[in-house]
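Chains as they are written, first to last, in the numbering used here: chain A, 141 to 246; chain B, 69 to 326.
To keep things clear, I will list the structure first and then write my remarks on it.
And the structure:
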């Protein structure tokens with residue numbers, strides 16, 4: 141599976157605004173690049189990203205060919221309760237990757 | 069750069085300079101210092117630095133059994149955080165097996181072929197870059213320390229000669245840019261001093277991790293000079309000279325560069 145790095149606080153105070161950073165390995169082949177023979181290399185990109193907080197969707201992004209390789213997404217949410225932040229990337233050719241981290245809210 | 073512009077550049081900037089002089093040790097700067105705030109932030113945060121994705125791959129490879137010997141790197145070297153600490157900071161180093169200096173990738177491949185009894189990994193392959201990044205990461209922050217070794221002296225001298233020798237259709241030497249004109253602009257970009265402190269590193273232009281040899285090939289291409297095949301002794305001699313030239317500067321692997 142693709143490597144991913146998540147940076148989210150393990151602990152937060154209720155009501156805190158927390159920053160979440162995600163980085164995943166993916167070539168993000170645009171579909172416009174010619175190979176050595178002049179033929180376009182077929183598109184192979186991540187198309188969707190979803191973050192859920194205790195099962196509830198809090199952030200979603202659609203990705204397109206202009207996005208660089210190894211997409212880095214950062215966003216914010218409000219720490220409401222202890223639980224799990226889960227992340228899911230999906231894309232061309234059946235690409236899927238998931239990660240999750242725990243957060244304690246006091 | 070357009071050919072006409074290149075000629076103007078070569079005569080106006082470089083033609084005026086006399087002989088290459090080595091940069092005084094105290095004036096040396098890593099390419100990091102010329103980067104924008106955002107790119108520096110990317111390098112500084114391990115969860116934003118894409119090079120760390122290769123380091124993670126390297127860690128998995130370190131622990132994977134390979135070859136006819138069915139041994140992992142860890143079976144012999146144990147915890148890389150201890151056994152590989154400072155290793156990358158002193159490569160290229162003399163190899164008795166090869167009778168000449170080898171760089172870190174070649175040293176890893178010697179273990180791969182002779183200790184694991186497996187096939188050497190191709191240069192610039194994802195796996196070799198990952199292992200080099202993982203081993204290199206263990207030296208982050210440590211000063212580059214090229215051994216004062218009689219056996220490597222002739223190779224260091226050969227590297228220095230390559231660095232100062234004019235070559236290619238533009239008839240430029242590495243030293244004309246990196247010793248004499250660092251800090252000036254070449255088109256929109258600042259000319260760095262050319263210290264190999266962070267390899268293998270993640271170049272935004274490559275959108276991937278790449279080796280020092282890949283970077284050297286880019287420069288030779290820019291000079292319209294003939295480049296060498298991967299792993300060629302000329303590259304290793306140049307690497308050795310460049311690391312010696314950067315002695316004492318801290319390792320940044322995996323660095324990020326524009």
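We treat Cβ as the ideally placed atom computed from N, Cα and C, and that holds for glycine.
Since the structure is predicted, the reported quantities are computational estimates derived from the model, not experimental observations.
(request) Within its chain, find whatever has a CB closer than 8 angstroms to the CB of residue 114 of chain B; leave out the 5 residues flanking it on each side and keep chain order. (result) Within the same chain, Cβ atoms closer than 8 angstroms to the Cβ of residue 114 of chain B are found at 120, the five residues on either side in sequence being excluded.
(request) Assess, as a yes-or-no matter, whether the segment 284-294 of chain B is touched by the segment 134-142 of chain B under the definition of 3 or more beta carbon pairs within less than 8 angstroms. (result) Touching, no, given that fewer than three Cβ pairs across the two stretches are closer than 8 angstroms.
(request) In the DSSP assignment, find the unbroken alpha helix (DSSP H) run with residue 284 of chain B in it and report its ends. (result) Residue 284 of chain B -> alpha helix (DSSP H) spans 280-290.
(message) Excluding the 5 residues flanking residue 209 of chain B on each side, which residues of the same chain have their C-beta closer than 6 angstroms to its C-beta?
(response) Closer than 6 angstroms at the Cβ level, and outside the excluded window around residue 209 of chain B, lie 318.
(request) Please classify residue 265 of chain B: is it buried, with 16 or more other beta-carbons within 10 angstroms of its beta-carbon, or exposed? (result) By the neighbour-count rule (16 or more Cβ atoms within 10 Å), residue 265 of chain B is buried.
(request) For the alpha helix (DSSP H) containing residue 192 of chain A, list its first residue and its last residue. (result) That residue, residue 192 of chain A, is in no alpha helix (DSSP H); its beta strand (DSSP E) goes 186-193.
(request) Identify which residue in B:94, B:91, B:95, B:268 has its Cα closest to the Cα of residue 159 of chain B. (result) Residue B:268 is the option with its Cα nearest to residue 159 of chain B.
(message) Between which two residues does the alpha helix (DSSP H) holding residue 128 of chain B run?
(response) Its alpha helix (DSSP H) spans residues 119-130.
(request) Would you give the residue range spanned by the beta strand (DSSP E) that residue 139 of chain B belongs to? (result) Run containing residue 139 of chain B: none; DSSP gives neither H nor E here.
(message) What does the alpha-carbon distance come out to for the pair residue 194 of chain B and residue 244 of chain A?
(response) Spanning the two alpha carbons is a distance of roughly 37 angstroms.
(request) Just mark residue 157 of chain A as buried or exposed, buried being the case when its beta carbon has 16 or more other beta carbons within 10 Å. (result) Exposed, by the Cβ-count rule.
(message) Please list, in chain order, the chain B residues whose beta carbon lies closer than 9 angstroms to that of residue 165 of chain A.
(response) Neighbours of residue 165 of chain A in chain B, taken as residues at a C-beta separation under 9 angstroms, are given in chain order as 118, 121, 122, 124, 125.
(request) Go ahead and label residue 223 of chain B buried or exposed: buried means 16 or more other beta carbons lie within 10 angstroms of its beta carbon, across all protein chains shown. (result) Classification of residue 223 of chain B: buried, given that the 10 Å Cβ count is 16 or more.
(message) By alpha-carbon positions, which one of A:167, A:227, A:159 ends up nearest to residue 238 of chain A?
(response) Cα-wise, what sits closest to residue 238 of chain A is A:227.
(message) Using 8 angstroms as the cut-off, can you tell me whether the segment 223-238 of chain B makes contact with the segment 179-191 of chain B, which would need three or more C-beta pairs spanning the two stretches below that distance?
(response) Result no; under three Cβ-Cβ pairs closer than 8 angstroms.
(message) Quick check: residue 279 of chain B and residue 156 of chain B, are their CB atoms within less than 9 angstroms of each other?
(response) Their beta carbons are not under 9 angstroms apart, which means residue 279 of chain B does not touch residue 156 of chain B by this criterion.
(message) Using DSSP's beta-bridge definition, name the partner residues of residue 231 of chain A.
(response) Partner residues in the beta bridge of residue 231 of chain A, as assigned by DSSP, are A:186.
(message) With a threshold of 8 angstroms, are at least 3 pairs of Cβ atoms found where one atom belongs to the segment 183-192 of chain A and the other to the segment 141-150 of chain B?
(response) Because the criterion of three Cβ pairs below 8 angstroms is not met, the segment 183-192 of chain A and the segment 141-150 of chain B do not touch.
(request) Quick one: residues in its chain with C-beta nearer than 8 angstroms to the C-beta of residue 134 of chain B, no 5 flanking neighbours on either side, listed in chain order? (result) Spatial neighbours of residue 134 of chain B in its own chain (CB-CB distance under 8 angstroms, excluding positions within 5 residues in sequence) are listed in chain order as 140, 180, 184, 186.
(request) Verify whether the separation of the beta carbon atoms of residue 209 of chain A and residue 275 of chain B is less than 9 angstroms. (result) Cβ atoms of residue 209 of chain A and residue 275 of chain B: closer than 9 angstroms.
(message) From the DSSP secondary-structure annotation, give me the bridge partner or partners of residue 201 of chain A.
(response) Residue 201 of chain A is bridged by DSSP to A:189.
(request) Specify the secondary structure class of residue 227 of chain B as computed by DSSP and reduced to three states. (result) Three-state result, residue 227 of chain B: helix.
(request) Could you pull the start and end residues of the alpha helix (DSSP H) that residue 107 of chain B belongs to? (result) DSSP places residue 107 of chain B inside the alpha helix (DSSP H), whose first and last residues are 105-112.
(message) Between which two residues does the alpha helix (DSSP H) holding residue 163 of chain A run?
(response) First-last for residue 163 of chain A: 157-164, but that is the beta strand (DSSP E), not the alpha helix (DSSP H).
(message) So, with DSSP's three-state summary, where would you put residue 319 of chain B?
(response) The DSSP-derived three-state label of residue 319 of chain B is coil.
(message) Please report the straight-line C-alpha distance between residue 262 of chain B and residue 221 of chain A, rounded to a whole angstrom.
(response) So the alpha carbons of these two residues sit roughly 50 angstroms apart.
(request) Name, in chain order, the residues that DSSP records as bridge partners for residue 224 of chain A. (result) Beta-bridge partners assigned by DSSP to residue 224 of chain A: A:242.
(request) Sort B:239, B:284, B:294, B:176 by Cα distance to residue 198 of chain B and report the nearest one. (result) Of B:239, B:284, B:294, B:176, the residue nearest in Cα terms is B:176.
(request) Determine the direct distance from the alpha carbon of residue 151 of chain A to that of residue 101 of chain B, and round the result to whole angstroms. (result) Rounded to whole angstroms, residue 101 of chain B to residue 151 of chain A spans 34 angstroms at the Cα level.
(message) Using the Cβ count rule (16 or more neighbours within 10 Å means buried), how would you classify residue 240 of chain A?
(response) Residue 240 of chain A is exposed by the Cβ-count criterion.
(request) Could you tell me which chain A residues have their CB closer than 7 angstroms to the CB of residue 276 of chain B, listed as they occur along the chain? (result) By Cβ distance, chain A contributes 209.
(request) Please list, in chain order, all residues of the same chain as residue 202 of chain A whose beta carbon is under 7 angstroms from its beta carbon, the five residues on each side excluded. (result) So the qualifying residues of the chain are 187, 188.
(message) Within the continuous beta strand (DSSP E) that includes residue 202 of chain B, where are the two ends?
(response) Segment 194-205 is the alpha helix (DSSP H) holding residue 202 of chain B; no beta strand (DSSP E) there.
(request) Leaving aside the five residues before and after residue 242 of chain B along the sequence, list all residues of the same chain whose C-beta is less than 6 angstroms from its C-beta, in chain order. (result) Counting only residues of its own chain and dropping the five nearest sequence neighbours on each side, residue 242 of chain B has a CB closer than 6 angstroms to the CB of 231.
(message) Please list, in chain order, the chain B residues whose beta carbon lies closer than 7 angstroms to that of residue 212 of chain A.
(response) The answer, in chain order, is 116.
(message) For residue 94 of chain B and residue 306 of chain B, what's the separation of their Cα atoms in angstroms?
(response) Spanning the two alpha carbons is a distance of roughly 22 angstroms.
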